[in-house]
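So the sequences go chain by chain: A and B. Sequential numbering of the first sequence, starting at 3, is according to the working numbering. Sequential numbering of the second sequence, starting at 3, is according to the working numbering.
2 protein chains.
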Amino acid sequence: MNLKQLSQMLQLSQTTVSRALNGYPEVNEETRRRVVDAAKRHGYRPNPSARRLATGKTGMIGYVLPTGSAVDIDPHFVEFLSGLGDYARAHELDLVLSPADAEDQETTYRRLVANKQVDAVYVSSPRPQDSRVALLDTLGLPFIVHGRSDGFDFDYPYLDIDNEGAFHDATRLLIQLGHHRIALINGEDRETFAIHRERGVRRALSGSGLVLPDHQVWSTAMTEENGYRAARRLLEGGAAPTAILCSSLIMSLGVARAVRELGLTIPGDLSLIAHDDVFPWLKPENFSVPLSTTRSSIRAAGARVAERLIARLSGLEDGARGEVWPVDLVVRGSIAGAPTTGL
Amino acid sequence: MNLKQLSQMLQLSQTTVSRALNGYPEVNEETRRRVVDAAKRHGYRPNPSARRLATGKTGMIGYVLPTGSAVDIDPHFVEFLSGLGDYARAHELDLVLSPADAEDQETTYRRLVANKQVDAVYVSSPRPQDSRVALLDTLGLPFIVHGRSDGFDFDYPYLDIDNEGAFHDATRLLIQLGHHRIALINGEDRETFAIHRERGVRRALSGSGLVLPDHQVWSTAMTEENGYRAARRLLEGGAAPTAILCSSLIMSLGVARAVRELGLTIPGDLSLIAHDDVFPWLKPENFSVPLSTTRSSIRAAGARVAERLIARLSGLEDGARGEVWPVDLVVRGSIAGAPTTGL
DNA sequence: GTGGGCGTTCAAAGCGCTTTGGCTTGCTTC
DNA sequence: GAAGCAAGCCAAAGCGCTTTGAACGCCCAC
Numbered sequence: 003m004n005l006k007q008l009s010q011m012l013q014l015s016q017t018t019v020s021r022a023l024n025g026y027p028e029v030n031e032e033t034r035r036r037v038v039d040a041a042k043r044h045g046y047r048p049n050p051s052a053r054r055l056a057t058g059k060t061g062m063i064g065y066v067l068p069t070g071s072a073v074d075i076d077p078h079f080v081e082f083l084s085g086l087g088d089y090a091r092a093h094e095l096d097l098v099l100s101p102a103d104a105e106d107q108e109t110t111y112r113r114l115v116a117n118k119q120v121d122a123v124y125v126s127s128p129r130p131q132d133s134r135v136a137l138l139d140t141l142g143l144p145f146i147v148h149g150r151s152d153g154f155d156f157d158y159p160y161l162d163i164d165n166e167g168a169f170h171d172a173t174r175l176l177i178q179l180g181h182h183r184i185a186l187i188n189g190e191d192r193e194t195f196a197i198h199r200e201r202g203v204r205r206a207l208s209g210s211g212l213v214l215p216d217h218q219v220w221s222t223a224m225t226e227e228n229g230y231r232a233a234r235r236l237l238e239g240g241a242a243p244t245a246i247l248c249s250s251l252i253m254s255l256g257v258a259r260a261v262r263e264l265g266l267t268i269p270g271d272l273s274l275i276a277h278d279d280v281f282p283w284l285k286p287e288n289f290s291v292p293l294s295t296t297r298s299s300i301r302a303a304g305a306r307v308a309e310r311l312i313a314r315l316s317g318l319e320d321g322a323r324g325e326v327w328p329v330d331l332v333v334r335g336s337i338a339g340a341p342t343t344g345l
Numbered sequence: 003m004n005l006k007q008l009s010q011m012l013q014l015s016q017t018t019v020s021r022a023l024n025g026y027p028e029v030n031e032e033t034r035r036r037v038v039d040a041a042k043r044h045g046y047r048p049n050p051s052a053r054r055l056a057t058g059k060t061g062m063i064g065y066v067l068p069t070g071s072a073v074d075i076d077p078h079f080v081e082f083l084s085g086l087g088d089y090a091r092a093h094e095l096d097l098v099l100s101p102a103d104a105e106d107q108e109t110t111y112r113r114l115v116a117n118k119q120v121d122a123v124y125v126s127s128p129r130p131q132d133s134r135v136a137l138l139d140t141l142g143l144p145f146i147v148h149g150r151s152d153g154f155d156f157d158y159p160y161l162d163i164d165n166e167g168a169f170h171d172a173t174r175l176l177i178q179l180g181h182h183r184i185a186l187i188n189g190e191d192r193e194t195f196a197i198h199r200e201r202g203v204r205r206a207l208s209g210s211g212l213v214l215p216d217h218q219v220w221s222t223a224m225t226e227e228n229g230y231r232a233a234r235r236l237l238e239g240g241a242a243p244t245a246i247l248c249s250s251l252i253m254s255l256g257v258a259r260a261v262r263e264l265g266l267t268i269p270g271d272l273s274l275i276a277h278d279d280v281f282p283w284l285k286p287e288n289f290s291v292p293l294s295t296t297r298s299s300i301r302a303a304g305a306r307v308a309e310r311l312i313a314r315l316s317g318l319e320d321g322a323r324g325e326v327w328p329v330d331l332v333v334r335g336s337i338a339g340a341p342t343t344g345l
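Given below as structure tokens:
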């Protein structure tokens with residue numbers, strides 16, 4: 003059943019039927035009722051391919067997926083997607099993932115725009131002066147960034163959490179507990195979130211006249227193994243930290259393993275606070291010693307990004323509003339007062 | 003630059019230009035060269051929206067994403083996606099994720115077909131007599147299943163790993179090491195893979211005159227917490243197992259935690275073998291005691307599914323071939339001979 | 001010399017929508 | 001009673017591609 007058939011059946015022109023269904027004002031309310039009713043009865047659904055050829059609108063939002071044998075997709079992605087999908091579902095909005103060479107995403111973005119393949123995109127894991135943001139800005143494709151890209155002289159829409167504030171507050175708490183040697187096991191320092199977190203730690207330390215020596219900071223991909231390695235190095239070196247901040251639960255698994263291997267205990271020898279993106283399959287309260295965390299649901303962020311993208315597409319949101327969410331600091335058993343040096 | 007402009011510029015009809023670019027035989031090779039050359043020089047790319055309206059082909063493969071606040075997307079998904087995307091990239095094939103109410107995916111599949119939104123789909127986490135498989139079969143939408151759905155009287159294309167064989171072999175090895183009381187911590191038993199694994203364990207046991215009592219089997223969502231709970235129950239009950247097979251690395255984290263808490267050791271008190279889908283961020287060799295595993299890269303499976311889907315779309319593959327991959331059994335420190343009962 | 005066949009090209013008809021511009025009709029306004 | 005206007009509807013022209021059916025020129029065979 004297509005528009006032509008429907009309009010013939012109703013003894014109306016395609017124009018009128020189309021307008022009636024799309025809510026245009028120049029159609030008699032009585033007529034509209036007839037049309038809408040008939041459409042529903044016969045299960046008419048406009049053909050999206052035809053509509054998109056005519057309008058250029060696709061009803062899809064895009065995401066450029068960096069791929070390559072050496073490229074690992076962040077496991078957080080799936081959780082974000084969960085929130086995004088859950089929200090988008092209600093709007094019958096599909097998500098198109100365009101795989102791209104991680105080293106050349108620009109080509110793919112340009113293709114999406116040139117072919118009008120999506121109405122909007124979202125960008126994740128942004129870095130400072132992220133080229134994707136600059137590109138999208140000039141291409142004029144609506145977008146929203148999950149995270150932030152510092153260093154531009156223009157504004158753009160984003161949704162981020164207060165990484166700096168979260169790690170500042172966590173650090174300050176550790177200081178108040180008497181810790182002076184605090185280390186940071188971070189994500190890769192190309193990414194904005196990692197930079198912000200480190201900044202938060204430094205700010206808190208310097209607020210108390212302390213510093214974060216470079217050798218007390220590890221910035222690597224957030225795997226269990228890297229967490230382990232960083233913790234070993236930190237704890238075996240001279241002037242081992244008495245507290246560690248860690249950027250992910252997965253890394254914390256490695257930290258906990260290192261601590262066990264070295265015969266140390268949490269929080270007796272080491273206090274530990276990690277960032278928790280709230281996974282259903284790994285919970286900080288279930289660590290051998292329940293883990294204190296800075297917590298922010300990445301799934302909720304996904305839903306919010308979907309909400310804002312949809313608002314942008316329907317003209318309800320415009321401008322370049324940045325939105326920063328506060329982060330919970332959840333105290334559990336993994337932190338305690340600093341051990342008294344010597345005995 | 004569209005087809006019309008290009009054809010005018012070449013003093014040819016749109017027909018000829020279109021045919022030249024699409025490799026039709028009835029066009030002079032000399033002409034074709036001219037056309038292809040001009041197209042490249044002017045960066046002409048056919049508009050996909052127009053093409054899909056004309057042909058019904060979309061150049062996209064679909065995946066129906068079950069969503070809902072209570073629905074957790076499997077973290078394996080992202081790894082599978084990684085492989086799929088990496089392969090699809092070379093073919094400029096996009097993936098469209100259609101979020102659906104987890105309880106009613108049928109509506110979404112029907113929409114995809116009615117609107118010709120995708121050329122093919124893949125299905126994951128199948129269950130016995132999975133309604134999606136039956137539906138797709140009748141709808142006639144090309145598809146491929148990652149995993150298997152038993153109980154149909156028709157064939158369909160799938161890619162699966164030999165779950166039964168893997169767990170059979172792992173179990174047999176434990177038996178050969180002298181274990182008699184072997185337990186299974188499995189994924190949810192609605193899913194085919196879990197059923198096959200359990201079957202593998204039972205078959206190996208009965209091959210040696212042993213059995214798997216129902217209270218030695220736990221089938222739940224594969225979270226760390228569920229792994230922990232299952233292990234606690236198993237190890238604290240009477241006739242505790244001396245060996246456990248576990249369906250996922252994440253669950254194994256919980257098992258290891260339970261073992262630690264109970265003051266037991268691996269492999270002294272308990273041998274442990276888990277299934278490893280090969281995540282970049284959590285590796286079995288990095289467990290406190292390196293974990294023996296049944297191993298199969300889910301990323302490789304993603305790439306293979308993409309390859310087969312593309313082959314189907316271009317007519318290179320047809321029929322309903324099932325493909326079953328063997329699974330590696332990798333022995334590491336987590337297994338040993340059964341402890342001698344009593345002392 | 002005519003007819004058939006082959007190689008090559010083209011005009012035009014879709015695909016199923018949206019949207020422009022115009023045409024009625026009936027009513028108000030002076 | 002002419003002019004003006006709004007409401008409601010329509011025919012037709014896109015959107016940019018693919019594909020059908022036909023035409024054209026040329027060569028070969030009989």
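C-beta atoms are modelled at their ideal positions from N, C-alpha and C, and glycine is treated no differently. In this text, all values refer to a predicted model and were calculated from it rather than measured experimentally.
{"Asked": "Specify, as a first and last residue, the run of the alpha helix (DSSP H) that H181/A falls within.", "Found": "Careful: H181/A lies outside any alpha helix (DSSP H) and carries neither H nor E."}
{"Asked": "Have a look at A313/B, V333/B, W283/B and I268/B and flag the residue whose alpha-carbon is nearest the alpha-carbon of D171/B.", "Found": "V333/B"}
{"Asked": "Output needed in chain order: residues of the stretch 87-98 of chain A with a Cβ under 7 angstroms from some Cβ in chain B.", "Found": "G87, D88, A90, R91, D96, L97 and V98"}
{"Asked": "Can you pull out the residues from the stretch 230-254 of chain A whose beta carbon lies closer than 7 angstroms to at least one beta carbon of chain B?", "Found": "Y230 and I252"}
{"Asked": "For the alpha helix (DSSP H) holding G240/B, just list the boundary residues, first then last.", "Found": "Segment: none, G240/B is in no alpha helix (DSSP H) and carries neither H nor E."}
{"Asked": "What residue does the beta strand (DSSP E) around T295/A start on, and which one ends it?", "Found": "S294 to R297"}
{"Asked": "From the beta carbon of L55/A, is the nearest beta carbon of chain B less than 8 angstroms away?", "Found": "yes"}
{"Asked": "Would you call L237/B buried or exposed, if buried means 16 or more other Cβ atoms sit within 10 Å of its Cβ?", "Found": "buried"}
{"Asked": "Less than 8 angstroms between the beta carbons of L86/A and Y46/A, yes or no?", "Found": "no"}
{"Asked": "Do S249/B and V291/B have their CB atoms nearer than 8 angstroms?", "Found": "no"}
{"Asked": "Quick one: does F79/A have its CB under 8 angstroms from some CB of chain B?", "Found": "yes"}
{"Asked": "How should M1/B be labelled, buried or exposed, when 16 other C-beta atoms within 10 angstroms of its C-beta is the threshold for buried?", "Found": "Outside the displayed range of chain B (3 to 345) lies residue 1/B, so it cannot be described from this structure."}
{"Asked": "In angstroms with no decimal places, state the Cα-to-Cα distance between M224/B and I163/A.", "Found": "29 angstroms"}
{"Asked": "For S336/B, name the three-state secondary structure that DSSP assigns.", "Found": "coil"}
{"Asked": "Please check the pair L272/A and T296/A, which I expect to be a contact at CB under 8 angstroms, by giving their CB distance rounded to whole angstroms.", "Found": "Rounded, the Cβ-Cβ distance is 17 angstroms, inconsistent with contact."}
{"Asked": "At the level of alpha carbons, what is the spacing between F289/A and R259/B?", "Found": "8 angstroms"}
{"Asked": "Note down, in chain order, every chain B residue with its Cβ under 7 angstroms from the Cβ of G270/A.", "Found": "Those within 7 angstroms of G270/A in chain B number zero; the least Cβ separation is about 16 angstroms."}
{"Asked": "For chain B, is any of its Cβ atoms less than 8 angstroms away from the one on L220/A?", "Found": "Inspection of the sequence shows that residue 220/A is occupied by Trp rather than by Leu. Judged by the 8 angstroms Cβ criterion, W220/A is not in contact with chain B."}
{"Asked": "Report the three-state DSSP secondary structure of H44/B (helix, strand or coil).", "Found": "coil"}
{"Asked": "On the DSSP bridge list, what partners appear for G358/A?", "Found": "No statement about residue 358/A is possible, as the shown extent of chain A runs from 3 to 345 and does not include it."}
{"Asked": "Quick one: what's D330/B bridged to in DSSP?", "Found": "R297/B"}
{"Asked": "Less than 8 angstroms between the beta carbons of I184/A and A232/A, yes or no?", "Found": "no"}
{"Asked": "Three or more beta-carbon pairs under 8 angstroms between the stretch 61-70 of chain A and the stretch 108-126 of chain A, yes or no?", "Found": "yes"}
{"Asked": "What are the complete alpha helix (DSSP H) segments, minimum 4 residues, inside the stretch 44-93 of chain A?", "Found": "50-57 and 78-91"}
{"Asked": "Return the bridge partner residues of D96/A from the DSSP annotation.", "Found": "M62/A"}
{"Asked": "Can you list, in chain order, the residues of its chain with a C-beta nearer than 8 angstroms to that of G167/A? Leave out the 5 residues immediately preceding and following it.", "Found": "G202, P328 and V329"}
{"Asked": "Examine the Cβ distances between the stretch 309-327 of chain A and the stretch 142-152 of chain A and report whether three or more of them are shorter than 8 angstroms.", "Found": "yes"}
{"Asked": "List the residues of chain A whose Cβ lies closer than 8 angstroms to the Cβ of Q119/B, in chain order.", "Found": "P50 and D96"}
{"Asked": "Do V190/B and S221/B have their C-beta atoms within less than 8 angstroms of each other?", "Found": "Note that residue 190/B is Glu in the sequence shown, not Val. Yes, the Cβ-Cβ distance between E190/B and S221/B is below 8 angstroms."}
{"Asked": "Around the Cβ of V120/A, are there at least 16 other Cβ atoms within 10 angstroms (buried) or fewer (exposed)?", "Found": "buried"}
{"Asked": "Please work out which residues of its chain come closer than 7 angstroms, Cβ to Cβ, to Y158/A, disregarding the five sequence neighbours upstream and downstream, and give them in chain order.", "Found": "V135, D139, V147 and A322"}
{"Asked": "Might you give, ordered along the chain, the residues of its own chain that have their beta carbon closer than 6 angstroms to the beta carbon of P269/B, omitting 5 neighbours on each side?", "Found": "S336, I337 and A338"}
{"Asked": "Along the chain, where does the beta strand (DSSP E) that runs through I146/A open and close?", "Found": "F145 to H148"}
{"Asked": "Residues bridged to V123/A by DSSP?", "Found": "G64/A and F145/A"}
{"Asked": "For T57/A, which of M3/A, W283/A, K118/A and D88/A has the nearest alpha-carbon?", "Found": "K118/A"}
{"Asked": "Identify which residue in I75/B, E309/B, R113/B and L175/B has its Cα closest to the Cα of P282/A.", "Found": "I75/B"}
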